[in-house]
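Residue numbers 1 to 541, in UniProt numbering, belong to the letters of the sequence shown in order. A quick write-up on the structure given underneath.
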Amino acid sequence: MQTSQKHPGSGGVHFYHHQPVKGIYQVLQSDSSSQGTSVSFESCKEQYFTLESCPAPTTGFMECDDSPSYASVSSKSSPFSPQGSHSCGSDHHQSSDNTYGSPISGLSSVDDGHELKHKLRELEISLLGPDESDIEDSFGCCVRGSSSRLDGASKQNWEQIAENIPRFDLKGVLRVCAQAVSDDDVGTARGWMDNVLGKMVSVSGDPIQRLGAYLLEGLRARLESSGNLIYKSLKCEQPTSKELMSYMHILYQICPYWRFAYISANAVITEAMANESRIHIIDFQVAQGTQWYLLIQALAQRPGGPPSLRVTGVDDSQSFHARGGGLEIVGERLSEFARSCGVPFEFHSAAMSGCEVVRGSVEIRPGEALAVNFPFVLHHMADESVSTENHRDRLLRLVKSLSPKVVTLVEQESNTNTSPFFYRFVETLDYYTAMFESIDVACPRDDQKRISAEQHCLARDIVNMIACEGSERVERHELLGKWRSRLSMAGFKQCQLSSSVMVATQNLLNEFSQNYRLEHKDDALYLGWMNRHMATSSAWR
């Protein structure tokens with residue numbers, strides 16, 4: 001659930017437009033405000049995977065003994081077979097050595113021994129600091145002993161490196177590993193994954209350890225070109241409908257992100273429809289219909305009596321599973337609630353994903369004032385970088401043709417749509433560090449329900465962003481500036497948000513940590529954690 005705002009301890013989010021990565025010393029600087037000291041360095045005796053999955057009689061996903069997790073899988077019977085689709089992870093972005101060159105594999109191209117020694121010293125200082133020179137021989141031996149490449153390091157040398165894990169910065173190691181994956185430096189990437197990262201991450205650790213566990217899973221999948229396979233396999237042992245609903249409810253209660261979307265959009269719609277007697281809302285991600293209970297209550301209190309309300313809900317597969325059935329469940333519950341409030345109500349279902357919606361999918365009636373709601377859903381629509389159909393812009397043009405009175409848009413404030421893999425990885429690391437920190441203050445680290453909620457509601461998104469490419473990567477966030485361009489090109493104009501919208505949303509945040517921030521700028525609301533913008537809410541006509 002991303003602008004150019006600084007995250008605590010980081011240099012900012014706009015790494016896409018700043019200087020390129022020039023060496024390992026830039027990648028492994030310690031900058032994590034959440035990096036804790038309680039790190040487990042015990043080697044696992046069996047092969048583990050971070051995410052629960054179904055068993056499959058295929059060969060092992062990775063030959064490693066210390067992958068992180070709490071869901072064990074036999075090392076000889078991995079559910080994540082590498083023989084799946086090769087479109088995920090296949091289009092690693094290549095560029096010049098000074099821009100995307102692997103900070104470790106790049107050592108093989110050093111011109112002479114003096115420069116090699118210099119690079120090794122940079123690596124040592126980056127990992128451990130200038131005073132920790134006692135492991136120089138360990139790193140140097142690894143590289144010199146194998147044609148100047150860590151991917152050829154012996155088991156003994158990787159063990160020497162692993163002994164120094166307590167001194168490593170987890171964020172830095174994640175970046176180094178991602179750089180190696182980006183450069184197709186398989187040996188180096190596997191070395192860091194199997195010998196270092198697997199011993200630093202934990203789904204029950206501090207925020208960066210938990211996030212690291214899921215990022216590691218995504219890197220493994222990308223390395224094996226099995227991103228889509230692992231992404232789909234996460235459904236093999238999907239929780240029951242009741243369990244998934246419970247996990248979604250946990251995040252809904254302990255984090256303000258979804259309620260920020262609902263309350264800000266409802267405040268805009270209520271104002272826009274103040275004088276309308278017949279209202280129609282098209283919700284492109286109706287989910288459980290939770291947002292409209294709040295609006296129905298507000299409409300019931302309107303002086304002079306409530307207007308009639310009609311809601312058309314567009315479905316999504318995860319909400320379908322959580323409900324344990326189709327949209328008729330949502331319609332029945334909302335209808336019953338509206339009757340209890342005395343609000344005339346109709347519900348119509350569009351049992352399809354947003355990219356499948358066409359003009360004939362929704363019924364437009366004369367005399368109804370139309371509002372269209374996009375809550376954290378447009379980033380799932382493929383754009384021009386994925387398909388010539390460009391459903392993202394097509395859908396906006398379709399909505400414009402319906403002549404809505406207002407359109408509400410809430411999106412994650414992050415830039416992961418068209419960024420090259422390494423920069424997308426760093427952005428995901430930065431954004432979700434803030435999200436996991438915000439969860440951490442609200443729920444105990446050893447809470448199994450919290451662990452399950454992160455796994456089933458967040459991990460799949462993270463794995464998809466890291467492991468998949470092309471049409472298989474469905475998590476494609478854009479910054480508000482890009483959404484503003486798209487909506488403007490479709491013929492919309494941005495609406496000014498009134499003070500009542502700000503007040504309603506601010507009242508919500510009073511229930512949560514003081515580290516959440518709300519900012520009103522550029523005619524939009526920005527929800528942030530500390531100094532990192534996490535989501536934006538805007539209105540259009």
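Virtual Cβ for every residue (Gly too), placed ideally from N, Cα, C.
Between residue 354 and residue 316, the gap from beta carbon to beta carbon is short of 9 Å. By the beta-carbon neighbour count (other beta carbons within 10 angstroms, threshold 16), residue 291 is buried. The DSSP-derived three-state label of residue 362 is coil.
Membership of residue 472 in any beta strand (DSSP E) is not indicated, and neither H nor E is assigned to it by DSSP. Straight through space, the alpha carbons of residue 422 and residue 174 are spaced by roughly 11 Å. The C-beta distance from residue 539 to residue 410 rounds to 10 Å, too long to meet the 8 Å contact threshold. Per DSSP, residue 465 is one residue of the alpha helix (DSSP H) stretching across 460-467. Using a C-beta cut-off of 8 Å, the stretch 428-443 makes contact with the stretch 190-210, since at least three inter-stretch Cβ pairs fall below that distance. In the same chain as residue 393, and ignoring 5 residues on each side of it, the C-beta atoms closer than 8 Å to its own belong to 383, 384, 486, 489 and 490, in chain order.
Boundaries of the beta strand (DSSP E) harbouring residue 374: 369-375, taken from the DSSP string.
Shown here, residue 308 sits in a strand according to DSSP, grouped into three states.
The Cβ-Cβ distance between residue 397 and residue 346 does not fall below 9 Å. Between residue 349 and residue 331, the CB-CB gap stays under 9 Å.
A residue is called buried when at least 16 other Cβ atoms come within 10 angstroms of its Cβ; residue 523 does not meet this threshold and is exposed. Taking a 10 Å sphere around the C-beta of residue 199, we find 16 or more other C-beta atoms and assign the residue as buried. With 16 or more other Cβ atoms from the protein chains shown falling within 10 Å of its own Cβ, residue 286 counts as buried. The alpha-carbon separation between residue 413 and residue 479 amounts to approximately 5 Å. Residue environment: residue 352 is assigned as exposed (fewer than 16 neighbouring CB atoms within 10 Å of its CB, all protein chains considered).
Around the Cβ of residue 190, a 10 Å sphere holds 16 or more other Cβ atoms; the residue is buried.
A residue is called buried when at least 16 other Cβ atoms come within 10 angstroms of its Cβ; residue 213 meets this threshold and is buried.
Contact between the stretch 362-377 and the stretch 497-509 is not established, with fewer than three Cβ pairs separated by less than 8 Å. Taking a contact to require three or more Cβ pairs closer than 8 Å, the stretch 335-343 and the stretch 356-369 do not qualify as touching. Spatial neighbours of residue 323 in its own chain (CB-CB distance under 8 Å, excluding positions within 5 residues in sequence) are listed in chain order as 241, 245, 288, 329 and 330. Counting only the Cα atoms, residue 344 lies some 48 Å from residue 425. The continuous stretches of beta strand (DSSP E) do not include residue 511, and DSSP gives it neither H nor E.
Between residue 537 and residue 267, the alpha-carbon positions lie close to 11 Å from each other. Annotation for residue 458: no residue places its beta carbon closer than 6 Å to its own, counting only its chain and skipping 5 residues before and after. Inclusion of residue 279 and residue 312 in the CB contact set at 9 Å is not warranted, their separation being larger than that value.
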